[in-house]
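Below: the structure, in structure tokens.
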Amino acid sequence: WIATCLLILQLVLVFAASAVSGRVASKESVLDATQYYPFGSMAYVMLTVLRFMAVFGVFLAAICVASGTVAMNPPASIWNGAEVPLSAAVECIISLVFQYFIVNTLHQITVVYSDVYNRGVQPEVETWRPKLALEAAAHVFKIAPMFCVLFLASRLRALQVHLKHGSPQTWAQVLFYVATYSLTAQAVCALGVPLVAQGRVAKGDVDGDVRFDFGKSTAKVVAVRALQIVFLVFIYFCAVAIVVSIIFLRDERTDKPAPVPSPTMTCILTLVCLYFA
């Protein structure tokens, strides 16, 4: 509830700031206070403070929810008091959630720091490497929520087969980890190229993709680009393969096909396919 209310607060801030100032911010920085008010004004300070209260509040709420998931006691009526390890789907979801919020929170910090450093004029903001690196990493993790939905759908589909022993295929669970850590590797490249290799980074054409520019074509450029393409292929291949695993899931105990997917599951798979297509 707290996270939901804080997200609604951020939405209200955008509408309120636009209504009062008469300005509409770009979609890339709707919570950037200088889009609405002059740097240093009282309205700027209030909007910035409220924004960060909401951002950090959502981040803390996500940590609490993840911690509660890990510490949750399984129903005694089903498991008879036995300890139940986290499923592969839940582990990957928690990993992606933490990475998503950490990168986006740090990105918001760099945006405000850029405002303060440049006193609202922003002549150097677009070339400040930490901000560009975190902006690219945040672009990589735009795809993370959809993977979380996909992992959860796979887990729920398995529980439809058997409430206690149902689980996705072993190879599908491996793909959960491959997709998760391919996103992590892609984000590390987005952070490392501008901060360590002194290259330039920009958003790619699709979510999860970034482009690198080292100024000239060298073996290093080719190697980094090839590695990045491999990670991107892994990401989209895993998405397609996990959808296939959900559709063709079978009960391993009886080797019978799983029940017909519910309308909810059918709609989720349809939307996921449209998103990745």
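In this note's numbering, the protein residues as written are 259 to 535.
Heads up, the beta-carbon is just placed ideally off N, CA and C, and yes, glycines get one too.
Please classify residue i: is it buried, with 16 or more other beta-carbons within 10 angstroms of its beta-carbon, or exposed?
i    : result
R415 : buried
L532 : exposed
C406 : buried
R309 : buried
T368 : buried
T524 : exposed
A430 : buried
T262 : exposed
T522 : exposed
V459 : buried
F317 : buried
Going by beta-carbon coordinates alone, are residue i and residue j separated by less than 8 Å?
i    : j    : result
S412 : S520 : no
Q418 : A346 : no
A312 : Q366 : no
L354 : V328 : no
L449 : A391 : yes
G249 : L271 : With the chain covering only 259 through 535, there is no way to say anything about residue 249.
F427 : F399 : Correcting the residue type first, residue 427 is Gln in the shown sequence and not Phe. Not closer than 8 Å, so no.
L527 : V498 : no
F359 : A320 : yes
K561 : V468 : The shown model of the chain, from 259 to 535, leaves out residue 561, and the question about it has no answer.
M330 : V530 : no
Between which residues of its own chain and residue i is the CB-CB distance below 6 Å, once the five residues before and five after are set aside?
i    : result
F409 : A347, C350, I351, F434
S440 : F489, F492, I493
P332 : V342
Q380 : Note that Q380 has pLDDT 49, beneath the 50 cutoff, so the model's placement of it is unreliable and the number below is only indicative. Closer than 6 Å at the Cβ level, and outside the excluded window around Q380, lies no residue.
G424 : A416, L417
Which residues in the same chain have their Cβ closer than 7 Å to the Cβ of residue i, if we skip the five residues on either side of it in sequence?
i    : result
R387 : P452, L453
V538 : Here the chain comprises residues numbered 259 to 535, so residue 538 is not present and cannot be evaluated.
A396 : V361, N362, H365
By the three-class DSSP mapping on this structure, what secondary structure does residue i have?
i    : result
P332 : coil
V518 : coil
V313 : helix
V459 : strand
V468 : strand
Quick check: does the Cβ of residue i come within less than 7 Å of any heavy atom belonging to the ligand GDP?
i    : result
P515 : The ligand GDP is not part of this structure, which contains no ligands at all.
Does chain D have any CB closer than 8 Å to the CB of residue i?
i    : result
Q486 : The structure shown contains no chain D; it holds only a single protein chain.
Leaving out five residues before and five after residue i in sequence, what residues of the same chain have Cβ atoms less than 8 Å from its Cβ?
i    : result
I505 : P519, L527
Using a Cβ distance threshold of 8 Å, determine whether the region 441-456 contacts the region 488-497, with at least three qualifying pairs required.
The region 441-456 is in contact with the region 488-497.
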